[in-house]
Amino acid sequence: MTAVGIDAMEIWTGKLKLDLAETFAPAQGDDPGKYTKGLGLRASSFPDVYEDIVTMGANAAHRLMKRKGLTPEDIGRIDVATESAFDNSKPVSTYIAGCLEQVYDENFHHANKGERKFACISGTQSLDDAYNWIRAGRNRGRAALVIATDTALYARDDPGEATQGAGAVAMLVDEDPNLVELSAEQGYGSADETDFLKPNQQFPSVDGKRSVNVYLARMREALEDFAEVAGDIHPGDYEMIPFHTPFPGMVRKAAALGYRHIIRGTDVGDLMAEEIGHQPMRSDFETDDEFHAAIKEYTDALTETERYQDWYANTIEPTLEISREVGNWYTGSVHIARASGLKHARENGLDLDDARLLVASYGSGAQAEVHAETVVPGWEEEIGALDIDEQIRNRYDLSFAEYEQVHDVHNHETETDVEEFTAPENEFAFDGWGRMGERKYRYVE
2 MTAVGIDAME IWTGKLKLDL AETFAPAQGD DPGKYTKGLG LRASSFPDVY EDIVTMGANA
62 AHRLMKRKGL TPEDIGRIDV ATESAFDNSK PVSTYIAGCL EQVYDENFHH ANKGERKFAC
122 ISGTQSLDDA YNWIRAGRNR GRAALVIATD TALYARDDPG EATQGAGAVA MLVDEDPNLV
182 ELSAEQGYGS ADETDFLKPN QQFPSVDGKR SVNVYLARMR EALEDFAEVA GDIHPGDYEM
242 IPFHTPFPGM VRKAAALGYR HIIRGTDVGD LMAEEIGHQP MRSDFETDDE FHAAIKEYTD
302 ALTETERYQD WYANTIEPTL EISREVGNWY TGSVHIARAS GLKHARENGL DLDDARLLVA
362 SYGSGAQAEV HAETVVPGWE EEIGALDIDE QIRNRYDLSF AEYEQVHDVH NHETETDVEE
422 FTAPENEFAF DGWGRMGERK YRYVE
């Protein structure tokens, strides 16, 4: 059977930077460690005045197509995943296709276009859709473009304000991929939850503590479901585990939960039992509170062991490097994590040919998906083509007053006239409004 997976990817970060320790924390009267240590973030990316989810997605897609030598005739499907859409009818994918048609002689009139919504997990769901489309033989030899693009903004002074971010990830899904091969090994955890939602509003309503608990509960269910398909799981089976990363501190919790699960019934679990005791079982406690307290005590001891810390340093930490600098990109978050891990491996000379990844996606509302991927030989060239470090270095460093202005510009409820902080060059830019309230875009040489 022909392999299907991610052939290539591109990342486009918003061109503005908010330094959390140097700029945001002093303005809020907070200890910088609240953000750098607690959340695990150093900075967030923001869109300039002329940037939005369309420009970022189109720019990422254009760079990807140009690098791979593709034309619109090579693309049979464009799926955009976002939770920052501005139209309840016209999908963002049509705007992005319109942008791309400005720079190509051909058009996308015979490409299927759509928009996926399920909070942050819809980027992965769009990958699943593209995979299934090709597997079903409906692609006619063409590839799919999957674009995850978001401006993850919160209301001012919201507890989630420090976890904001903006950017896009474009992925080319095709046969015989050059980056990772996707698989049919998937597990799901899903329930009707109200941990994070946007009922006819731009900024989210969030129950922070509950959202953390729901994330962990759905991840546990997805991992259990995955084990039903994949069989017994061992900590050594996967070289890296990219998680959905609303902030790295959340992944610290999720990784500990996942590790607890995958060492059960393994030699690693036996060694841990000798060192810190056996994992608590619900049947050994009279109340849920007693059981949860025992689980917390065990997890605290687990994460202090050298064995766990070595596993975390090699399997999880590399996937967080980009997110620490750019914040939460909602639908693109887990795909940044994958890129970050592979980028780390390339820079450190790690051989990941045929290595397995376990990708853990999550979307509030709520659903988690855990699936396996295999790194394809030649992946180093694809990852080496990314210039995300250069993009991060070249961002305009906002003062707090400038941040407030930028936030107002992208707030749909305010009208603020602010000059551009950077100059667009060889990219798509917002170009005003049309007669029916549609957004207009142009390519700037």
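Its first residue numbered 2, the sequence shown is counted upward by one per residue in this note's numbering. Glycine included, C-beta positions come from ideal geometry on N, C-alpha and C. Values in this document were obtained by computation on a predicted structure and should not be read as measured data.
Close Cβ partners of residue i (< 6 Å) along its chain, the five nearest in sequence each way excluded
i	result
Tyr404	Leu19
Val50	Val410, Val419 and Glu421
Thr246	Val252, Ser324, Ser334 and Ala338
Ala255	Met220 and Phe244
Tyr190	A small correction: the amino acid at residue 190 is Gly; Tyr does not occupy that position in the sequence shown. Here the set comprises Arg219, Glu222, Ala223 and Ala369.
Arg64	Glu11
Nearest-angstrom Cα separation, counted from residue j out to residue i
i	j	result
Gly385	Glu176	21 Å
Ser46	Val5	32 Å
Asp31	Val174	43 Å
Phe204	Glu162	10 Å
Lys38	Ala356	31 Å
Pro236	Glu381	24 Å
Asp196	Leu217	12 Å
Val82	Arg440	In the sequence as presented, Val is not what sits at residue 82; that position holds Ala. Using only the alpha carbons, I get a separation of about 18 Å.
Glu426	Asn60	11 Å
Val269	Lys69	43 Å
Glu276	Val55	52 Å
Ala314	Glu307	10 Å
Val181	Ile242	14 Å
Ile97	Gly124	16 Å
Glu298	Thr288	16 Å
Environment of residue i [buried if 16+ CB atoms lie within 10 Å]
i	result
Arg394	exposed
Thr72	exposed
Pro160	exposed
Asp290	exposed
Val215	buried
Ser324	buried
Asn329	buried
Thr417	exposed
Met2	exposed
Ser85	buried
Arg261	buried
Leu359	buried
Lys16	buried
Gly188	buried
Residues near residue i by beta carbon distance below 7 Å, same chain, minus five either side
i	result
Gly115	Asp80, Pro92 and Ser94
Arg143	Asp75, Ile76 and Gly77
Glu326	Arg43, Ala44 and Ile393
Glu322	Ser341 and His345
Gly430	Residue identity differs from the one stated: residue 430 is Ala in this sequence, not Gly. Result list for Ala430: Tyr51, Thr56, Tyr442, Arg443 and Val445, in chain order.
Where the beta strand (DSSP E) through residue i begins and ends
i	result
Gly190	Val181 to Ser191
Ala44	Ala44 to Phe47
Ser362	Arg357 to Gly364
Phe429	Glu428 to Trp434
Glu116	Asn113 to Arg117
Val93	Segment Val93 to Glu102 is the alpha helix (DSSP H) holding Val93; no beta strand (DSSP E) there.
Lys18	Leu17 to Asp20
Thr491	This structure does not reach residue 491, given that the chain is present from 2 up to 446, and the question cannot be answered.
Val55	Element bounds for Val55: not the beta strand (DSSP E) but the alpha helix (DSSP H), Ile54 to Lys69.
Met10	Val5 to Thr14
Glu176	Gly166 to Glu176
Gly77	Ile76 to Ala82
Val419	Neither: Val419 is in no beta strand (DSSP E) and is coded neither H nor E.
Val445	Arg440 to Val445
Enclosing alpha helix (DSSP H) for residue i [first to last residue]
i	result
His345	Ser334 to Glu348
Phe227	Gly209 to Ala231
Arg283	Taken as a continuous stretch (DSSP letters only), Arg283 belongs to no alpha helix (DSSP H), as it is neither H nor E.
Gln368	From DSSP, Gln368 is part of no alpha helix (DSSP H) but of the beta strand (DSSP E) over Gln368 to Val376.
Ser123	Ser123 to Arg136
Glu1	Nothing can be reported for residue 1, as the shown portion of the chain is limited to 2 through 446.
Ile296	Asp289 to Thr304
Arg157	Premise fails: Arg157 is in no alpha helix (DSSP H) and is neither H nor E.
Cβ neighbours of residue i in the same chain (closer than 8 Å, five flanking residues each side left out)
i	result
Thr447	Because the chain is modelled from 2 through 446, residue 447 falls outside the range shown and cannot be assessed.
Ser184	His372, Ala373, Glu374 and Thr375
7 Å Cβ cutoff, residue i in contact with chain D
i	result
Val170	The structure shown contains no chain D, having only a single protein chain.
Heavy atom of the ligand ADP within 6 Å of residue i beta-carbon
i	result
Val213	The ligand ADP is absent from the structure shown, which contains no ligands of any kind.
Mind the definition here: the region 100-118 touches the region 187-203 only if three or more C-beta pairs lie below 8 Å; say whether that holds.
-> no
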